[in-house]
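Reviewing the structure listed below.
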Amino acid sequence: MLNKCNRFGRSPVVLLGLITHFVAFYLIFLNIASDAPLAPEEGTNLKAFITPSVELALLCSFLLGLGDSCINTQLLSIVGYMFQEDSAPAFAVFYLVQSIMAALAFFYSNYLLLHWQLLIMVLVGFLGTLSFFIAEGMVDGHLNHGASLAAGVKEKQLR
């Protein structure tokens, strides 16, 4: 099965992760009141779109974990492949950017309503996935170009 998935590249797994995240974000939007991040410990007076459910919240946490594992596995795979000679600095930069974005999200989470936070995650997730597809295309193009060059050299050697 791994060989069949490998022929399609990393993109289907990343797309699965994105769709999983979007489903989780939509369910969170429906299940939790929009002022929940800003509400006092006593709770909020606003109502969610549906009756809040612990089971749905647990499903959302599972979906977020599944989507995160899909995306991070493929991100680490492509970074390791693109920077084979300098993998340590590449991973250091990757984790630096990831940590800065997480710190930024922790900062704004105390000031923005939940629906704005979800919108930011949807937009950043979409742009990040689009960037991944572009990078994957560059890797595939480089591989195809390299394969055609190798075939041309081999053909000249056979003459």
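Going by UniProt numbering, the sequence shown opens with residue 1, and the numbers climb by one from there.
All C-beta atoms in this analysis are idealised placements derived from N, C-alpha and C, irrespective of residue type, glycine included.
All figures in this text were calculated on a predicted structure; none of them were measured in a lab.
Quiz item: Quick one: does Lys47 have its CB under 8 Å from some CB of chain C?
Solution: In the structure shown, chain C does not exist; there is a single protein chain.
Quiz item: Considering Glu55, what are the terminal residues of the alpha helix (DSSP H) in which it resides?
Solution: Taken as a continuous stretch (DSSP letters only), the alpha helix (DSSP H) holding Glu55 covers Val54 to Met82.
Quiz item: So what's Gly17 in DSSP terms, helix, strand or just coil?
Solution: DSSP places Gly17 in the helix class (H, G or I) of the three-state scheme.
Quiz item: Are the CB atoms of His115 and Ser53 nearer to each other than 8 Å?
Solution: Taking 8 Å as the cut-off, the Cβ atoms of His115 and Ser53 do not count as close.
Self-check item: Minimum C-alpha distance to Leu18 - residue among Gly65, Gln117 and Leu96
Solution: Nearest option by C-alpha distance: Gly65.
Quiz item: Curious, which full-length alpha helix (DSSP H) runs of at least 4 residues does the segment 86 to 144 contain?
Solution: Scanning the segment 86 to 144 from its first residue to its last, the whole alpha helix (DSSP H) runs of 4-plus residues come out as 87 to 108.
Practice problem: May I ask you to report which of helix, strand or coil DSSP gives Phe22? | Solution: Three-state DSSP puts Phe22 in a helix.
Quiz item: DSSP on Asn31, reduced to helix/strand/coil?
Solution: For Asn31, the three-state secondary structure derived from DSSP is helix.
Quiz item: Between Ala90 and Val79, is the Cβ-Cβ spacing less than 8 Å?
Solution: If you check the CB distance, Ala90 and Val79 come in under 8 Å.
Self-check item: Length of the line joining the Cα atoms of Asn110 and Leu118
Solution: Take the alpha-carbon of Asn110 and the one of Leu118: they are about 14 Å apart.
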